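K.L.:
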Amino acid sequence: MNRTNKGMILLAALLLAVLIGYPVCIILIRSFTLNGGFTLENYKEVFSDVRNYEALLHSLWVSVCATVLSTVIGCGAAYFTTRTDMPFKKSIHRLFLFNFFIPPFIIAMAWQQILGPVGVVNRWYQEITGSTEKLVTIYGQNGIIFVFTLSGSVMVYMVMKSNFEKIQSSLEEAAVITGASSFQIFKDIVMPVLKPSVYSAMILVFVSNISNYGVPSVLGFHVSYYTLTTRIHQVLEDFSMTNNMEVAASLSAVLVIITVLTLTAKDRMLKGKEFTLITGKSEKAALNELGVWRKWAGILWVVYGIFVTVCPILSILATSLTKAYGLPFSVKNMSLKNFATVFQMPLFQRAMGNSLFLAFTAAFLAVGIGFVVAYLCVMAKTRFSRPLEFVITMPGAIPGTVMAIAIILAWLRPVPVFGFSFYNTIWIILIAYVANYTTQAFRTISGSMYQINRSLEEAAVISGASLAKVMTTIVIPLIRESVGTAWFLIFIPCLRELTLSIFLWSSGNETLATAIFTLQEAGNYTAACALSIVIIGLIALMNMAMGKIFHMEETMG
Amino acid sequence: MAYIELKGLKKKFGEKEVIRGLDLEIEKGEFVSLLGPSGCGKTTILRMVAGFVDPTEGEIIIGGNTVYSSEKNIYVKTGKRNLGMVFQSYAVWPHMNVFDNVAYPLKIQKLPKEEQKRKTMEILKQVGLEGREKDFPWSLSGGQQQRVALARGLVMEPAVLLLDEPLSNLDVQLRQKMKEELMEIQQRTKVTVLYVTHDQGEALQMSDKIVVLNKGNAEQIGTPEEIYHHPKTIFTADFVGKMNFLKNGNKTFGIRPEYISIGKEKKDRAYGISGRLERYIFEGNRNSYLFSTEEGELTVETPIPVSLLKGEQAYLNWDQQVEFER
Ligand SMILES: Nc1ncnc2c1ncn2[C@@H]1O[C@H](COP(=O)(O)OP(=O)(O)OP(=O)(O)O)[C@@H](O)[C@H]1O
Ligand SMILES: [Mg+2]
């Protein structure tokens, strides 16, 4: 190990310890502390307060239901678009892809305006039947499952589509030779071979559901339907409790246990089953002919794609264009004044400035740290590589809500020596973003470093190049694209980040997402929707920029 | 009538003509190789026989049944052609153990359970995989996976076993071993084999008949001996084995390096020419000498080294040569 590496290891270890290790330890310690002593009281309280374990059950129930439903739908969509002669495949794919540009809490808001108590559907129903009853309600359990299912199905579709495409066609041809029918081949070969990837996709969706804060808060608060994430928020703000911080920490620990267990179960399940699906040079498998159903299948999935992506956007757009919320949607009630109002709001200007600054800076810092750690773990392997990798990937298993609590607990008190508290400043949000997204940067960059053949680097070393020279002339040029991609993949989600920000924002330090949230909680739906349109446009633009720069066909925001 | 017949087979991908009218007859129990350079259409021919690719024109008959005819508009589905196939990538199903992989064709044909078991065990024994039936593919070596694929192809006792470069993913030693095993199994099961390869060694060693392909045309069809000793075209002569070409007027003569003997003076042989030694290469089991003559360069290969220095003159004699019109 040379001196440069030693210095880098020390720096990386210090950064990761402060950024990730410290908050995570603090949250654990606080969950076992009360009045300065070790105790299990906080956990007792978690499981004795009906509201807490109800939230736990709610979380599990909506996440499981939505996961199952979205898996069925997503696998179906992936199957039809890759394996059949259905028409409109491109359009369907575009519709699904665009769904990624809309943050889930905005989708929830959109459906609230379609299916909510004064939403379009209920108003029409009441107008037509003259009744005062409501036809549907989006609030509570079913609404949350509904929105989770829509977003989850898109995630499953994306994962499974690429897996369907990767199956080596000779695996199927070997079955065709035996005289197996296409149904038998699907049942005996395709499905079993894909089973591990289906499990992976399910776990991805489940963890994303149970960690989600935006959707249950938009659709749950009004009817007091809490999930773990929203309950944690509620507890944290419940100042009537003396140990609200500690109980929030314990609830967070419970949530983390669930995500960690699920992710570990996945690794266990997939061990040794990672079938190589890489295509040889043999051509693609023949498409299943749907016959008379061909067109109908195409229409069905186009309609679903519209349902998933176009409906929410139209709903938001419609609200953002109406003069006053609740007015029927017609040309005479339309205006751009909401946008004008929003642009003039000091809140908007602050939030826009803050979000851009935070996303920009956080992406740079996270990529920097991710790059150094990836270099130490992949290229300059030392005995410190594994612990470093363990710490930097930890946030991958920690829901945003928990990360936020951890950051608060860690940085609430003034920093020793400096005597300055980050709490209630923009810096605590920045710290949280960086802590949360370095995992992502590390994954992207280390992934591409694994692809670099060691000999490329060694060839440079042999010719007498210094470490700095090797880095600047060999390593960085080779992974430049992935560093750029990593930056965008952090910049874009930070721009719309809600879960961390909602816990950490303070007056003057709003972000775009929290601004939307405040507006909508204050009942200013038209402004909230106008701002949402701005965010969606911004995200779409950034995705396009990323695609242009890196010549990528499709990207996920 | 032959057991398998390909008549006037043509295939176009778009405007590109990949197979340009192939006629081929295969007798029952014969081992026939399709040999040719990359991109000449070997795989395409095999896949047409399998029914994965539809010919643009022509007729395919397997075991007396027409399975494809463009004229009579006949198309028999792949699964009904009674074929076995071994893929280059093995295509052993990763989620099934060895037994289930091999028994799958029997299961699809709805044979009784007992029968399935008996036949599967028997074929596993044939390919040397007894005792491995509970193992999953990821725990098998490349050669063993290849054997699973072979057993699966053979278990239905197909009319034809189709193999597409089955040995190209194996290392050199294993390849030699599998070559011998494959021949042995073929002789035991008496299965008819259509074998695709770009490796002339494989084709020469294993086949009863070789089809040399070039750009979608059959250059020559014949036994390995015919192909080697009596190539009809320069392409065949050059592609199969090493061949010296000497030009004389508008004629070209082909002489295999091992036909030639090196002497100090002209011997009483059918042909001879004098040459100067330009290069000597030791190749272990043989010695290779490059001579320049007035009709062109000649490579000579002998198992026993001759004492000759670079630049020295010698006389080269041989009895056998092939004449090509050009
Ligand atoms: N589905 C297809 N569409 C268009 N062209 C094709 C298709 N399949 C094969 N070809 C073309 O047909 C020609 C013959 O291909 P084929 O795969 O039969 O060659 P091959 O002799 O098996 O070569 P190799 O030794 O590389 O496997 C090639 O030029 C190839 O590009
Ligand atoms: Mg081929």
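These protein sequences, in sequence, are chains E and D. For reference, each letter of the first sequence is one residue, going 1 to 557 in the numbering used here. For reference, each letter of the second sequence is one residue, going 1001 to 1326 in the numbering used here. From the three backbone atoms N, C-alpha and C, an ideal C-beta is built for every residue, glycine too. Computed from a prediction, not measured in an experiment: that's the story for all the values here.
Using the C-alpha atoms, what's the distance from residue 59(E) back to residue 244(E)?
P.N.:
Your numbering for residue 244(E) matches position 244 in the first sequence. Your numbering for residue 59(E) matches position 59 in the first sequence. Each residue's Cα considered, the two are about 20 angstroms apart.
K.L.:
Quick check: the Cα distance between residue 398(E) and residue 38(E), rounded to an integer number of angstroms?
P.N.:
Position 398 of the first sequence, counted from the first residue, corresponds to residue 398(E). Position 38 of the first sequence, counted from the first residue, corresponds to residue 38(E). So the alpha carbons of these two residues sit roughly 24 angstroms apart.
K.L.:
Can you give me the Cβ contacts of residue 1318(D) inside the same chain, cut-off strictly under 8 angstroms, excluding the 5 residues immediately before and after it?
P.N.:
Looking up residue 1318(D) in the second sequence gives position 318. Closer than 8 angstroms at the Cβ level, and outside the excluded window around residue 1318(D), lie 1255, 1259, 1260, 1261, 1269, 1270, 1271, 1272.
K.L.:
Could you check if residue 109(E) is buried or exposed, using at least 16 other CB atoms within 10 Å of its CB as the buried criterion?
P.N.:
One-based indexing of the first sequence puts residue 109(E) at position 109. Label assigned to residue 109(E): buried.
K.L.:
Residues of chain D with CB closer than 7 angstroms to the CB of residue 198(E), please, in chain order.
P.N.:
By one-based count along the first sequence, residue 198(E) stands at place 198. Per Cβ cutoff of 7 angstroms: no residues; residue 198(E) is ~12 angstroms from chain D at best.
K.L.:
Of the residues 90(E), 118(E), 338(E), which one's Cα is nearest the Cα of residue 322(E)?
P.N.:
Within the first sequence, residue 322(E) is the residue found at index 322, counting from 1. Among 90(E), 118(E), 338(E), the Cα nearest to that of residue 322(E) is on 338(E).
K.L.:
List, in chain order, every chain E residue whose beta-carbon is nearer than 8 angstroms to that of residue 1084(D).
P.N.:
Residue mapping note: residue 1084(D) aligns to position 84 of the second sequence, counting from 1. Within 8 angstroms Cβ-Cβ: 177.
K.L.:
Following a CB-centred definition, is residue 1012(D) positioned closer than 7 angstroms to any heavy atom of ligand 2?
P.N.:
In the second sequence, the residue the question calls residue 1012(D) occupies position 12. Because no heavy atom of ligand 2 lies under 7 angstroms away, the Cβ of residue 1012(D) does not count as near it: no.
K.L.:
To the nearest angstrom, how far is the alpha carbon of residue 414(E) from that of residue 35(E)?
P.N.:
Along the first sequence, one-based indexing puts residue 414(E) at 414. Along the first sequence, one-based indexing puts residue 35(E) at 35. Distance between the alpha carbons of residue 414(E) and residue 35(E) is about 20 angstroms.
K.L.:
Are residue 1026(D) and residue 1197(D) close, meaning C-beta to C-beta below 8 angstroms?
P.N.:
Counted from its first residue, the second sequence places residue 1026(D) at position 26. Counted from its first residue, the second sequence places residue 1197(D) at position 197. It is not a contact, given that the beta carbons lie outside the stated cut-off.
K.L.:
Considering only DSSP beta bridges, list what residue 420(E) is partnered with.
P.N.:
Here residue 420(E) corresponds to residue number 420 of the first sequence, with the count starting at 1. Looking at the DSSP assignment, residue 420(E) forms a beta bridge with 415(E).
K.L.:
Give me the Cα-Cα distance between residue 1302(D) and residue 1288(D), rounded to the nearest whole angstrom.
P.N.:
As a position in the second sequence, residue 1302(D) is number 302, starting the count at 1. As a position in the second sequence, residue 1288(D) is number 288, starting the count at 1. Between residue 1302(D) and residue 1288(D), the C-alpha separation is close to 7 angstroms.
K.L.:
Locate the beta strand (DSSP E) running through residue 1235(D), then write down its first and last residues.
P.N.:
Counted from its first residue, the second sequence places residue 1235(D) at position 235. Element bounds for residue 1235(D): not the beta strand (DSSP E) but the alpha helix (DSSP H), 1234-1239.
K.L.:
Report all residues from its chain with a CB closer than 7 angstroms to the CB of residue 450(E); omit the five preceding and five following residues, and keep chain order.
P.N.:
Locating residue 450(E) in the first sequence gives position 450, counting from the first residue. For residue 450(E), where only same-chain residues beyond five positions count, the Cβ hits under 7 angstroms are 378.
K.L.:
Spatial neighbours of residue 1116(D) within its chain, please: CB distance less than 7 angstroms, with the 5 preceding and 5 following residues excluded, ordered by chain position.
P.N.:
Locating residue 1116(D) in the second sequence gives position 116, where the first residue counts as 1. Same-chain partners within the cutoff: 1103, 1106, 1107.
K.L.:
Just the chain E side, please: which residues come within less than 9 angstroms of residue 1168(D) by C-beta, in chain order?
P.N.:
Looking up residue 1168(D) in the second sequence gives position 168. Near residue 1168(D) there are no residues of chain E at all, since even the closest Cβ is about 11 angstroms away, more than 9 angstroms.
K.L.:
When the distance is taken between beta carbons, is residue 1137(D) closer than 8 angstroms to residue 1092(D)?
P.N.:
Translated into positions along the second sequence, residue 1092(D) becomes position 92. Translated into positions along the second sequence, residue 1137(D) becomes position 137. Yes. Within cutoff.
K.L.:
Would DSSP call residue 277(E) helix, strand or coil?
P.N.:
Taking the first residue of the first sequence as position 1, residue 277(E) is located at position 277. Interpretation of residue 277(E) is limited by its pLDDT of 49, a score under 50 that renders its predicted location unreliable; no figure is taken from the coordinates.
K.L.:
Give me the chain E residues within the contact set of residue 1078(D), using Cβ-Cβ distance strictly less than 7 angstroms, ordered along the chain.
P.N.:
As a first step, residue 1078(D) must be located in the second sequence, where it is residue number 78. In chain order: 176, 177.
K.L.:
Check each candidate in 482(E), 18(E), 10(E) and name the one with the smallest Cα separation from residue 436(E).
P.N.:
If you number the first sequence from 1, residue 436(E) lands on position 436. Ranking the options by Cα distance to residue 436(E), first place goes to 18(E).
K.L.:
Starting from the beta carbon of residue 1198(D), find every residue of chain E whose beta carbon is closer than 7 angstroms, and list them in chain order.
P.N.:
If you number the second sequence from 1, residue 1198(D) lands on position 198. Near residue 1198(D) there are no residues of chain E at all, since even the closest Cβ is about 14 angstroms away, more than 7 angstroms.
K.L.:
Counting only beta-carbon separations shorter than 8 angstroms, does residue 1050(D) have a partner in chain E?
P.N.:
As a position in the second sequence, residue 1050(D) is number 50, starting the count at 1. Taking Cβ atoms only, chain E reaches closer than 8 angstroms to residue 1050(D), which makes this a yes.
K.L.:
Thinking C-alpha only, which one of 1286(D), 1266(D), 1253(D) is nearest residue 1320(D)?
P.N.:
Along the second sequence, one-based indexing puts residue 1320(D) at 320. Here the closest residue by C-alpha is 1253(D).
K.L.:
Comparing the C-beta of residue 1104(D) with each C-beta of chain E, is any distance below 8 angstroms?
P.N.:
Along the second sequence, read from residue 1 onward, the residue named residue 1104(D) stands at position 104. At least one chain E Cβ lies under 8 angstroms of residue 1104(D).
K.L.:
Could you give the DSSP three-state label for residue 1274(D): helix, strand or coil?
P.N.:
Numbered from 1 along the second sequence, position 274 holds the residue referred to as residue 1274(D). Strand at residue 1274(D).
K.L.:
Within the same chain, show all residues whose beta-carbon is closer than 7 angstroms to that of residue 121(E), passing over the 5 residues directly before and after it, in chain order.
P.N.:
Position 121 of the first sequence holds residue 121(E). Cβ within range, chain order: 114, 115, 135, 136.
K.L.:
Curious, which full-length beta strand (DSSP E) runs of at least 3 residues does the stretch 1121-1172 of chain D contain?
P.N.:
You should have 1160-1164.
K.L.:
Contact defined as beta carbons within less than 8 angstroms: I believe residue 1201(D) pairs with residue 1210(D). What is the distance between those atoms, to the nearest angstrom?
P.N.:
Looking up residue 1201(D) in the second sequence gives position 201. Looking up residue 1210(D) in the second sequence gives position 210. Actually they are not in contact, since the Cβ atoms of residue 1201(D) and residue 1210(D) sit about 12 angstroms apart, beyond 8 angstroms.
K.L.:
Report yes if the CB atom of residue 1298(D) is closer than 8 angstroms to the CB atom of residue 1316(D), and no otherwise.
P.N.:
Numbered from its first residue, the second sequence carries residue 1298(D) at position 298. Numbered from its first residue, the second sequence carries residue 1316(D) at position 316. Result yes, Cβ atoms of residue 1298(D) and residue 1316(D) sit closer than 8 angstroms.
K.L.:
Just the C-alpha distance for residue 1139(D) and residue 29(E), rounded to the nearest angstrom, thanks.
P.N.:
Residue mapping note: residue 1139(D) aligns to position 139 of the second sequence, counting from 1. Residue mapping note: residue 29(E) aligns to position 29 of the first sequence, counting from 1. Cα-Cα distance, rounded: 45 angstroms.
K.L.:
With distances taken from each beta carbon to the nearest heavy atom of ligand 2, which residues come in below 7 angstroms, in chain order?
P.N.:
Going along the chain, the residues that qualify are 1042(D), 1043(D), 1164(D), 1165(D), 1196(D).
K.L.:
Go ahead and pull the three-state DSSP assignment for residue 1(E).
P.N.:
One-based indexing of the first sequence puts residue 1(E) at position 1. Reliability fails at residue 1(E), whose pLDDT of 49 lies under 50, so the model's placement of it is uncertain and the value that follows must be treated cautiously. Looking at residue 1(E) - three-state DSSP - the assignment turns out to be coil, as it is neither helix nor strand.
K.L.:
Taking 7 angstroms as the line, does the beta carbon of residue 1018(D) fall inside it for any heavy atom of ligand 1?
P.N.:
The sequence position of residue 1018(D) within the second sequence is 18, counting from 1. It does: the Cβ of residue 1018(D) is within 7 angstroms (strictly closer) of some heavy atom of ligand 1.
K.L.:
Distance, Cα to Cα, residue 50(E) vs residue 44(E)?
P.N.:
Your numbering for residue 50(E) matches position 50 in the first sequence. Your numbering for residue 44(E) matches position 44 in the first sequence. Taking the straight line joining both Cα atoms gives about 11 angstroms.
K.L.:
Which residues in chain E have a C-beta closer than 9 angstroms to the C-beta of residue 1109(D)? List them in chain order.
P.N.:
By one-based count along the second sequence, residue 1109(D) stands at place 109. The contacting residues are 178, 179.
K.L.:
Thinking C-beta only, is residue 367(E) closer than 8 angstroms to residue 549(E)?
P.N.:
Against the first sequence, residue 549(E) aligns to sequence position 549. Against the first sequence, residue 367(E) aligns to sequence position 367. The answer is no: Cβ separation not under 8 angstroms.
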